[in-house]
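One structure is given here, and the rest of the page talks about it.
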Amino acid sequence: MTRAPSERVLLDGPAGKIECVIDLPASGEHRGRLHDAARDRLYDAPRGVALIAHPHPLFGGSLDNKVAQTLAKTFVELGYVALRPNFRGVGMSVGEHDEGRGEADDLLAILDYARARFHATAPVLAGFSFGAYVQTLVARRVQPARMALVGVAAGSVSGGRGYTSEPVPANSIIIHGELDETVPLANVLAWARPQELPVIVVPGADHFFHRRLHLIKSIIKGSWQR
């Protein structure tokens, strides 16, 4: 199988440049050698665009996080272009942490870029932990095709932080670890309960899904094909 090509770009955002990795579905040995215009024509009609949001930047979260990478790989294998930005203040992204508000604005700027380059309409919004929380804010301002949220930050979490995650569409995939030590499972169930939203609980999984990353991929793929 041809390895999916990736690009690392700097995109314009409300606080300055946003570093973003774009993972493209592989469909030919020659693709990596094409110049930009030819490559973009080949991607005029992907299955869709998936925007991936990483965990909390003040606690080491970045686009290289293993769960964020797993989400990106999953959607690339499903035929999507996956965009993984660094939140403001991380890597080469300009700005300072804004507790989710500015980060949501940054993700909306990435979606504007995706619409222009890939002719994307309704995106898939995916995220992990703090990134999943931010995606619930984004979903209030765009109409996602679907959402996939892992370890979504909701309620009072470790470190004395608190999050009021917004409701999400009924077709969203919510995955949480049984033994999550950062965001208690009870918090996510309390958030999901008034929405009548199913939560998929992975037995024995901690917050970072150590040794269980493959289950995130299999759950999403299985749900996507139904």
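The numbering used here puts the sequence shown at residues 10 to 235.
Quick reminder that beta carbons are idealized off the backbone N, C-alpha and C, glycines included.
Since the model is a prediction, treat every value here as computed from it, not as a measurement.
Apart from the five residues just before and just after residue i, which ones in its own chain have a Cβ nearer than 6 Å to its Cβ?
i, result
"glycine 37", "With a pLDDT of 42 at glycine 37, under the threshold of 50, the modelled position of this residue cannot be trusted, and the question is left open."
"leucine 224", "Val211"
"leucine 80", "Ile61, Ala135"
"leucine 51", "Note that leucine 51 scores 49 on pLDDT, short of 50, meaning its location in the model is unreliable and no value can be drawn from it."
When burial is assigned at 16 or more other CB atoms within 10 Å of the CB, is residue i buried or exposed?
i, result
"glutamate 105", "exposed"
"asparagine 180", "exposed"
"arginine 42", "At arginine 42, the pLDDT of 41 sits below 50, so the modelled position is not reliable and the matter cannot be decided from this model."
"isoleucine 27", "buried"
"methionine 10", "With a pLDDT of only 49 at methionine 10, under the threshold of 50, the placement of this residue in the model should not be trusted; the figure read from the coordinates follows. Per the 10 Å Cβ criterion, exposed."
"histidine 216", "buried"
"threonine 130", "exposed"
"glycine 69", "exposed"
"aspartate 115", "buried"
"glutamate 108", "exposed"
"aspartate 32", "buried"
"glycine 57", "buried"
"glutamine 78", "buried"
Measuring CA to CA, which of the options is closest to residue i?
i, options, result
"phenylalanine 139", "Lys82, Thr173, Pro55", "Thr173"
"alanine 59", "Pro23, Asp107, Leu117", "Leu117"
"isoleucine 183", "Leu67, Arg149, Ala199, Gly171", "Ala199"
"valine 30", "Val18, Gly22, Val197", "Val18"
"proline 64", "Leu188, Tyr142, Ala201, Gly168", "Tyr142"
"alanine 91", "Val99, Asp107, Val133, Gln204", "Val133"
"glycine 213", "Arg220, Leu188, Asp121, Leu222", "Leu188"
"leucine 222", "Ser15, Ala24, Val76", "Val76"
"glutamate 16", "Gly69, Gly22, Ser71, Arg93", "Arg93"
"leucine 158", "Arg110, Lys226, Leu67", "Lys226"
"aspartate 7", "Glu190, Arg97, Ala154, Gln78", "Because the chain spans 10 through 235 in this model, residue 7 falls outside it and cannot be assessed."
"glycine 100", "Ala113, Ser71, Pro23", "Ser71"
"glycine 1", "Gln152, Val192, His185", "Residue 1 is absent from the structure shown; the chain starts at 10 and stops at 235."
"proline 178", "His185, Arg170, Pro203", "Pro203"
"histidine 219", "Gly164, Arg170, Gly160", "Gly160"
"leucine 206", "Gln234, Met156, Gly171", "Met156"
"valine 166", "His185, Glu190, Val151", "Glu190"
"proline 34", "Leu194, Ala113, Val85", "Val85"
"alanine 123", "Tyr89, Val103, Glu112, Ser102", "Tyr89"
"isoleucine 228", "Val151, Ser102, Gly186", "Gly186"
"glutamate 112", "Leu67, Arg126, Ser232", "Leu67"
Apart from the five residues just before and just after residue i, which ones in its own chain have a Cβ nearer than 7 Å to its Cβ?
i, result
"lysine 230", "Thr83, Leu87"
"glutamate 175", "Thr145, Leu146, Ala148, Arg149"
"asparagine 74", "His63, Pro64, Phe137"
"alanine 201", "Ile183, Val208"
"proline 153", "Ala131, Pro132, Val133, Leu134, Pro178"
Residues bridged to residue i by DSSP?
i, result
"isoleucine 61", "Ala135"
"arginine 17", "Val30"
"isoleucine 209", "Ile184"
"glycine 22", "Gly25"
Do residue i and the ligand GDP come close, with the Cβ less than 7 Å from some heavy atom?
i, result
"phenylalanine 84", "No copy of the ligand GDP occurs in the structure displayed, which carries no ligand at all."
Contained beta strand (DSSP E) runs [length at least 3] in the region 73-117, N- to C-terminal order: DSSP runs (the beta strand (DSSP E)) wholly in the region 73-117: 89-94.
Length at least 4, wholly inside the region 119-188: the alpha helix (DSSP H) runs in chain order: For the region 119-188, whole alpha helix (DSSP H) runs of length 4 or above, ordered along the chain, are 139-147.
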